[in-house]
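>
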Amino acid sequence: MVLRKSKLLWAFVLLVCIVLLGSGCGNKSTPTAPDSTTGTANTQKLAEPSQASTSSETAKDTPPSNQSTATPSPTQSPPTSTQVNGTLQVHFIDVGQADSILIKASDGTAVLIDGGNNPDGPDVVNYLKSQQVKVLAAVVATHPHEDHIGGLDTVIKNFPVKAVYMPNASSTTKTFEYFISAVTAGGAKRIQAKAGVTLDVPGLTGQFIAPNGSAYEELNDYSAVLRLTFGKITFLFTGDAGELSESEMLKSGQSLKAEVLKVGHHGSATSTSNAFLKAVSPDYAIISVGAGNDYGHPTASALSRLGGAGVMLFRTDQDGTIVATCDGETVTFNKKGSMPSSASPTTSPTPAIQPPASSGSVSIASIDLGGEVVTLVNNGGSAVDLTGWKIVSEKGNQAYSFPGGTTIPPGGTLKVLSGPKAVAGTSALVWTKSNMWNNDGDPGALYNSQGKVVSSK
Numbered sequence: 009m010v011l012r013k014s015k016l017l018w019a020f021v022l023l024v025c026i027v028l029l030g031s032g033c034g035n036k037s038t039p040t041a042p043d044s045t046t047g048t049a050n051t052q053k054l055a056e057p058s059q060a061s062t063s064s065e066t067a068k069d070t071p072p073s074n075q076s077t078a079t080p081s082p083t084q085s086p087p088t089s090t091q092v093n094g095t096l097q098v099h100f101i102d103v104g105q106a107d108s109i110l111i112k113a114s115d116g117t118a119v120l121i122d123g124g125n126n127p128d129g130p131d132v133v134n135y136l137k138s139q140q141v142k143v144l145a146a147v148v149a150t151h152p153h154e155d156h157i158g159g160l161d162t163v164i165k166n167f168p169v170k171a172v173y174m175p176n177a178s179s180t181t182k183t184f185e186y187f188i189s190a191v192t193a194g195g196a197k198r199i200q201a202k203a204g205v206t207l208d209v210p211g212l213t214g215q216f217i218a219p220n221g222s223a224y225e226e227l228n229d230y231s232a233v234l235r236l237t238f239g240k241i242t243f244l245f246t247g248d249a250g251e252l253s254e255s256e257m258l259k260s261g262q263s264l265k266a267e268v269l270k271v272g273h274h275g276s277a278t279s280t281s282n283a284f285l286k287a288v289s290p291d292y293a294i295i296s297v298g299a300g301n302d303y304g305h306p307t308a309s310a311l312s313r314l315g316g317a318g319v320m321l322f323r324t325d326q327d328g329t330i331v332a333t334c335d336g337e338t339v340t341f342n343k344k345g346s347m348p349s350s351a352s353p354t355t356s357p358t359p360a361i362q363p364p365a366s367s368g369s370v371s372i373a374s375i376d377l378g379g380e381v382v383t384l385v386n387n388g389g390s391a392v393d394l395t396g397w398k399i400v401s402e403k404g405n406q407a408y409s410f411p412g413g414t415t416i417p418p419g420g421t422l423k424v425l426s427g428p429k430a431v432a433g434t435s436a437l438v439w440t441k442s443n444m445w446n447n448d449g450d451p452g453a454l455y456n457s458q459g460k461v462v463s464s465k
């Protein structure tokens with residue numbers, strides 16, 4: 009009996025120990041701080057590769073951290089001035105002896121530089137419509153000559169225009185009057201185009217680099233020159249800028265470098281100097297010019313300079329409308345173009361040795377607008393050689409250059425005729441069989457061989 013009780017006692021003690029031991033093991037299995045810390049560290053180490061592998065998705069879905077902004081992933085380049093969206097097309101519209109250029113981005117943003125002569129307005133409108141232009145973000149009227157702004161009044165009446173950029177220059181012609189009236193009626197914002205002014209059009213980076221002055225004798229020198237950059241490609245649109253404007257641009261210290269150059273003043277002898285070409289260093293050049301024009305544009309000297317610069321040349325008189333397409337890296341054209349000869353011109357440039365007329369000796373006696381007759385008179389005591397001289401119809405900026413060796417005797421007169429009935433005679437020269445003078449009023453000017461105005465009417 010005692011033995012049985014003793015066994016029962018030991019069994020009870022053993023049971024208590026088992027219970028106590030079980031409780032102690034449970035305490036040891038409770039998570040401790042080191043285990044918790046170790047678990048967290050492992051989680052972080054596992055998460056790091058996951059974050060790296062999905063960094064591009066994180067960048068798309070959530071704002072990047074400061075560290076990500078400072079060090080972008082290889083697939084994300086920081087924005088630069090050379091990044092572009094889509095393509096840019098520049099249309100050098102064939103408007104004959106005139107200028108009209110459409111700049112159009114992929115998103116439909118459109119800018120028009122000049123609008124050709126008065127009769128070209130409807131053609132320019134139709135061309136813009138064919139290119140699905142709905143609104144003109146800006147119109148640039150380079151200067152008030154009719155072969156640049158003539159068609160703009162028609163354009164402005166047919167399209168909403170947000171802003172008009174124009175130099176601080178005016179003209180007494182009806183063409184300029186009609187242009188200003190159209191701008192006023194259309195409600196477009198008027199902005200003076202001059203060096204340092206930015207073309208405020210979203211998606212386009214453009215700045216005017218001329219005119220640099222505020223008082224010129226020649227309207228051409230007021231030409232608004234626009235430098236437009238798209239990605240890594242730059243276009244330079246020069247209007248009718250001549251040697252004076254070019255020299256001012258060179259002296260200004262502004263960058264003139266451009267891959268594509270719109271040649272100034274239709275390729276005249278007094279534009280696109282060697283110094284200017286060297287600064288621009290273009291790969292391509294476009295001349296907007298009319299076939300068989302009366303001015304001899306483009307001149308042999310201008311073509312020679314372009315050829316010497318190794319420029320690929322396009323001409324509207326030979327190629328029609330020229331379209332340049334730019335993707336920000338390269339520029340392509342819808343025409344083949346050609347390399348002009350760099351040989352010396354076959355015709356001599358205006359000789360500097362030709363003596364200008366003495367003050368007041370040769371002048372315009374009269375301009376018969378209806379009869380298309382300009383009469384010059386020499387009031388001096390000696391004959392005057394008119395080689396290198398020219399008469400300019402200021403409304404249309406149309407010029408007649410006197411043939412070499414033309415002289416006017418002392419006290420004599422000389423007539424310059426135009427129109428279908430023009431017939432040459434002993435003291436009469438024929439300008440052209442086309443009508444040159446506007447019957448509603450068309451001032452004329454006489455320039456000597458040094459390019460100075462000696463008379464106007």
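Using this note's numbering, the letters of the sequence shown map in sequence onto residues 9 to 465. Ideal placement from N, C-alpha and C gives every residue a C-beta, glycine not left out. Predicted, not measured: the structure shown is a model, and the values here were computed from it.
Starting from residue 401, trace the beta strand (DSSP E) in both directions and tell me its first and last residue.
Here residue 401 is taken as the residue at index 393 of the sequence shown, counted from 1. Its beta strand (DSSP E) spans residues 398-401.
> Based on the DSSP secondary-structure assignment, which residues constitute the bridge partners of residue 199?
Here residue 199 is taken as the residue at index 191 of the sequence shown, counted from 1. Answer is 173.
> Could you tell me whether the Cβ atoms of residue 446 and residue 380 are closer together than 8 angstroms?
To locate residue 446, count along the sequence shown from 1; it is residue 438. To locate residue 380, count along the sequence shown from 1; it is residue 372. Contact flag unset, no.
> Alpha carbon to alpha carbon, what distance is there between residue 239 and residue 341?
Walking along the sequence shown from the start, residue 341 turns up at place 333. Walking along the sequence shown from the start, residue 239 turns up at place 231. In a straight line, the C-alpha of residue 341 is about 17 angstroms away from that of residue 239.
> Only counting runs of 4 or more residues, tell me where the alpha helix (DSSP H) segments fall wholly within the region 209-260, in order along the chain.
With a minimum length of 4 residues, the continuous alpha helix (DSSP H) runs that stay inside the region 209-260 are 251-260.
> At what residues does the beta strand (DSSP E) containing residue 340 begin and finish?
In the sequence shown, residue 340 corresponds to position 332, counting from 1. Here the beta strand (DSSP E) through residue 340 covers 339-341.
> Taking the alpha carbon of residue 413 as the point to measure from, which residue in 406, 437 and 402 has its own alpha carbon closest?
Taking the first residue of the sequence shown as 1, we reach residue 413 at position 405. Checked all of 406, 437 and 402; the closest Cα to residue 413 is 437.
> Would you mind stating whether residue 347 and residue 315 have Cβ atoms separated by less than 8 angstroms?
Along the sequence shown, read from residue 1 onward, the residue named residue 347 stands at position 339. Along the sequence shown, read from residue 1 onward, the residue named residue 315 stands at position 307. Closer than 8 angstroms, so yes.
> Could you check the C-alpha separation between residue 327 and residue 303 for me, to the nearest Å?
Locating residue 327 in the sequence shown gives position 319, counting from the first residue. Locating residue 303 in the sequence shown gives position 295, counting from the first residue. Going by the C-alpha atoms only, they are around 19 angstroms apart.
> How would you write the range of the alpha helix (DSSP H) that residue 144 sits in, first residue to last?
Position 136 of the sequence shown, counted from the first residue, corresponds to residue 144. Unbroken run through residue 144: none, as it is neither H nor E.
> What three-state label does DSSP hand residue 326 in the structure shown?
The residue labelled residue 326 in the question sits at position 318 within the sequence shown. It is helical.
> Output the boundary residues of the alpha helix (DSSP H) element that contains residue 194.
What you label residue 194 is simply residue 186 of the sequence shown in a count that begins at 1. Run containing residue 194: 182-194, per the alpha helix (DSSP H) assignment.
> Return helix, strand or coil for residue 386, following the three-state DSSP convention.
Here residue 386 refers to the residue found at position 378 when the sequence shown is read from its first residue. Looking at residue 386 - three-state DSSP - the assignment turns out to be strand.
> How many angstroms separate the CA atom of residue 287 from the CA atom of residue 264?
Locating residue 287 in the sequence shown gives position 279, counting from the first residue. Locating residue 264 in the sequence shown gives position 256, counting from the first residue. Approximately 6 angstroms, taken between the alpha carbons.
> Does residue 249 come within less than 8 angstroms of chain C when only Cβ atoms are used?
The structure shown has no chain C; it contains just one protein chain.
> Just mark residue 143 as buried or exposed, buried being the case when its beta carbon has 16 or more other beta carbons within 10 Å.
Within the sequence shown, residue 143 is the residue found at index 135, counting from 1. By the 10 Å Cβ count, residue 143 comes out exposed.
> May I ask you to report which of helix, strand or coil DSSP gives residue 307?
Residue 307 sits at position 299 when you count from the first residue of the sequence shown. Note: residue 307 maps to coil in three-state DSSP.
> Going by alpha carbons, who is nearest to residue 420 out of 198, 441 and 387?
Indexing the sequence shown from 1 puts residue 420 at position 412. It is 387.
> For residue 282 and residue 319, I'd like the C-alpha separation in whole angstroms.
In the sequence shown, the residue the question calls residue 282 occupies position 274. In the sequence shown, the residue the question calls residue 319 occupies position 311. In a straight line, the C-alpha of residue 282 is about 12 angstroms away from that of residue 319.
> Apply the 10 Å Cβ neighbour rule to residue 166 and answer buried if 16 or more other Cβ atoms are within range, or exposed otherwise.
On the sequence shown, position 158 is the one that residue 166 refers to. So residue 166 ends up on the buried side.
> Name the two residues that bound the continuous beta strand (DSSP E) containing residue 270.
By one-based count along the sequence shown, residue 270 stands at place 262. It spans 268-270 - the beta strand (DSSP E) in which residue 270 sits, taken as one unbroken run.
> Between residue 114 and residue 94, how many whole angstroms is the CB-CB distance? I'm expecting something under 8 angstroms.
Against the sequence shown, residue 114 aligns to sequence position 106. Against the sequence shown, residue 94 aligns to sequence position 86. The pair is a contact, with the Cβ atoms about 3 angstroms apart (cut-off 8 angstroms).
> Are residue 256 and residue 220 close, meaning C-beta to C-beta below 8 angstroms?
On the sequence shown, position 248 is the one that residue 256 refers to. On the sequence shown, position 212 is the one that residue 220 refers to. In contact: residue 256 and residue 220 (Cβ atoms closer than 8 angstroms).
> Is it true that the region 185-200 meets the region 259-273, where meeting means three or more beta-carbon pairs spaced less than 8 angstroms apart?
Too few Cβ pairs lie closer than 8 angstroms, so no.
> In this structure, does DSSP put residue 457 in helix, strand or coil?
Here the question's residue 457 lines up with position 449 in the sequence shown. Residue 457: coil per DSSP, three-state reduction.
> Cutting at 8 angstroms between CB atoms, please list the residues of its own chain near residue 345, excluding the five before and the five after it.
Mapped onto the sequence shown, residue 345 falls at position 337. So the qualifying residues of the chain are 292, 320, 321, 322 and 327.
> Report yes if the C-beta distance between residue 233 and residue 216 is below 8 angstroms; otherwise report no.
Locating residue 233 in the sequence shown gives position 225, where the first residue counts as 1. Locating residue 216 in the sequence shown gives position 208, where the first residue counts as 1. Yes, they are a contact pair.
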